[in-house]
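K.L.:
Protein chains in written order, with my numbering: chain A, 1 to 263; chain B, 264 to 576.
#1: Verify whether the separation of the beta carbon atoms of residue 350 of chain B and residue 95 of chain A is less than 8 Å.
#2: Look at the alpha carbon of residue 553 of chain B and the alpha carbon of residue 545 of chain B, and state the distance between them as a whole number of angstroms.
#3: Could you round the C-beta distance between residue 31 of chain A and residue 263 of chain A to whole angstroms and report it? I think they count as a contact, below 8 Å.
#4: Going by CA-CA distance only, name the one from A:104, A:225 and A:9 that's closest to residue 257 of chain A.
#5: List the endpoints of the continuous beta strand (DSSP E) containing residue 501 of chain B.
#6: Can you give me the Cβ contacts of residue 292 of chain B inside the same chain, cut-off strictly under 7 Å, excluding the 5 residues immediately before and after it?
#7: What residues from chain B crowd round residue 100 of chain A, counting only those whose CB sits closer than 9 Å?
#8: From residue 399 of chain B to residue 557 of chain B, what distance separates their C-alpha atoms?
#9: Helix, strand or coil for residue 220 of chain A? Go by DSSP, reduced to three states.
#10: For the stretch 69-85 of chain A, which residues have a beta carbon sitting closer than 8 Å to at least one beta carbon of chain B?
#11: So is residue 212 of chain A buried or exposed if we call it buried at 16+ other beta carbons inside 10 Å?
#12: Checking contacts by CB at 8 Å: is residue 347 of chain B closer than that to chain D?
#13: If we define contact as Cβ-Cβ less than 8 Å, is residue 209 of chain A a contact residue for chain B?
#14: Any contact of the stretch 327-344 of chain B with the stretch 407-418 of chain B, i.e. 3+ C-beta pairs under 8 Å?
#15: Determine the burial state of residue 501 of chain B: buried for a count of at least 16 other Cβ atoms within 10 Å of its Cβ, exposed for fewer.
#16: At a CB-CB cut-off below 7 Å, which residues of chain B make contact with residue 97 of chain A?
#17: Report yes if the C-beta distance between residue 412 of chain B and residue 362 of chain B is below 8 Å; otherwise report no.
#18: So if DSSP puts residue 548 of chain B in a beta bridge, which residue, or which two residues, is it bridged to?
#19: Span of the alpha helix (DSSP H) holding residue 532 of chain B?
#20: Our contact map puts residue 4 of chain A next to residue 113 of chain A with C-beta atoms below 8 Å; I'd like the distance itself, whole angstroms only.
#21: Quick one: Cα of residue 404 of chain B to Cα of residue 186 of chain A, how far?
#22: When the Cα of residue 299 of chain B is compared with those of B:433, B:313, B:307 and B:286, which residue comes out closest?
#23: Which whole-angstrom value is the C-beta distance of residue 80 of chain A and residue 162 of chain A, which I expect to be below 8 Å?
#24: Restricting to Cα atoms, I'd like to know which of B:434, B:437, B:478 and B:422 is closest to residue 451 of chain B.
#25: Please list the terminal residues of the continuous alpha helix (DSSP H) segment that includes residue 3 of chain A.
#26: Any beta carbon of chain B sitting closer than 8 Å to that of residue 118 of chain A?
#27: Express the C-alpha separation of residue 110 of chain A and residue 129 of chain A in angstroms, rounding to a whole number.
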C-alpha cells in the first residue's frame, strides 16, 4: 500500500494535475473573498425579500462549494480512469503483477491510493475554500465539512466503477464511457415513475425500480451533504447506503475477474 | 526450484479462429545454482513459460511449481526477481524510486531498501543515474535498472527475459558479469534470450523450444559438442593416413592436422593407434564443437514443420 501511494502521488505530480486543482481553488478563494462585499451590503440594507442574509450567504457558499467539489470529483474521475488500464498494459502489468503481492492487493492498494492521493488533494483544496468562507463570512467551519465528506464517498464510488471498467475493458476511454453511461442511467432513473407511467408496463416498472435501487445515485448523494450543511432534515439515507453497497459489490466482483485474466 | 510437468497453454481464439498452442506438454526441472537458457524462435513459447511460472498467465493443463509453491500463490514470488521483455516501467519515476517501489511491493522495509539501493546501482553500473527519471533513460539504461529492480529482494530465482536487449557490447559484458556473480551466490537464473552467443557464454543448461515443445535440453557443452568429429593436431608431414570406411571418414588433412568423422566416438583409439604406429607425434585431439547457434539451427530445423501451434476450436 505504501508503495502504491508513493507511485500514485509521483504520477499525479508528473501529470501536473495539481496545477489544475490549484487554479480552480484560487478562483474559488477569490470568489468567496469578493463575496465579502455582498455580505456588508446586505447587512447595511437589512432584511432582504429573499430571506435572512446570513442564510442566503450560507446557501450561496454551500452551493459554490458543491459546484467546486462536483468539478473536482469529475476532473479526478477523468484523470484517473486510465490508471488501471495503464498499469495493466503490456510491459507494465508484468512489472506490477510479478511481485509477491496478490492481484487483489494490487487492485485494492491502487484503488485506495488513488482515493487517498486525489481525495486528499480535493480535501485540501476544498478546506482552503471552507477556511476562506469561515474567515470572510464568519460561517461555521464544521458545518461546511459535510459536503466534503459526502463528495469523498461519491469519489470512492466513481473510482470503483472506473477501476472495474478499466480492468474488464482494458481501456481508459471505455472506463470513462462506462462511468458516463452509469451517470446518465442513474439520472434518468430519478424519473422512473414518470417513465413507468408513460410506458404503462409493469415489467418496465419492475426493471426501472430494480435498476434504481441497484445503481449508485450520483445525482442524489450531493443533496445529503447540502441538507446537512444547511441544517435541513435528511429525507432518506437510501441513496447513500445503496450506493456504498453498489461500490462494495463492484469491488468484490472485480477481484475474481481480475484474478482470472491472463497478462 | 522450478518444476513443470506436461505444462500446456492454449490461447483461445475468437469465434471462428483456432486456438494457439503456446506450450505443448513442457516438462522441465531447473535447479538452484545454474544459469538456464531458454531458446527458441519468436512464438516458441519462451515468454509464455516465464509468465506461467510467475502466475501472470494461467496454464491450460499440466503442473508447475516455483520455489515449492503453485504460481497462483503470491508466496511463490517472494524470492523471485523478474525482468520482463519489452517492459514499460513507470516513466514518471526515477531509477531509485522505481527500485524502491519494487522493494515495497516485495514487502521490504524502507531501511532495508535504502541499504540495498546503492550496491544494486553500482552492480548494474547506474550509480550516476539513480535520480534521473526513467523517461530520460536509453534502452540499455532501462535494462540495467530493470535488472536492479529484479534483484532488490535478494531473490533466489532470477528470471530475465531478453536482459541484453538494446544494451551495447560493453554493457553486455557487464551484465554477463552480473549474472555470473548472481550464480556464484547459488541462485538460479533463467535466461530467455535471442542472442545465442550471450546464452552460450553464461548458461550451464539450455532448453530449445520450437512451437511450444522442448525439442532439445542439455548442457551447453553437450549441445555444442560433435561427439564423432575430431580435430587431431599432429606432425603428419607427408605420411599417408587412411581411415577405413567401416570406422568413419577423413574430412580434411594437412601436414599438421587431420579432421575425421567417426561412426562411434570410441573409434578415435583406432586413429590414435594408427598414428602412433606411423611414429607421428600427436600434439592434441580436440572434439569438434558447434557454436550454440549452429546447434540451435540444427534443433529447430530438425523438429517437425507441420503447422503446429494451432488446434481446431
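Just so you know, even glycine gets a beta-carbon here, dropped at the ideal spot from N, CA and C. As the structure is a prediction and not an experimental result, all values here were calculated from the model.
P.N.:
Here's the rundown:
#1: yes
#2: 23 Å
#3: No, residue 31 of chain A and residue 263 of chain A are not in contact; Cβ-Cβ is about 47 Å, not under 8 Å.
#4: A:104
#5: Premise fails: residue 501 of chain B is in no beta strand (DSSP E) and is neither H nor E.
#6: 266
#7: 337, 338, 339, 340, 341, 342, 343, 368, 369, 370 and 416
#8: 38 Å
#9: coil
#10: none
#11: buried
#12: This model lacks chain D altogether, as its protein chains are A and B.
#13: no
#14: yes
#15: exposed
#16: 319
#17: yes
#18: B:495
#19: 531-540
#20: 4 Å
#21: 50 Å
#22: B:313
#23: 7 Å
#24: B:422
#25: 2-14
#26: no
#27: 28 Å
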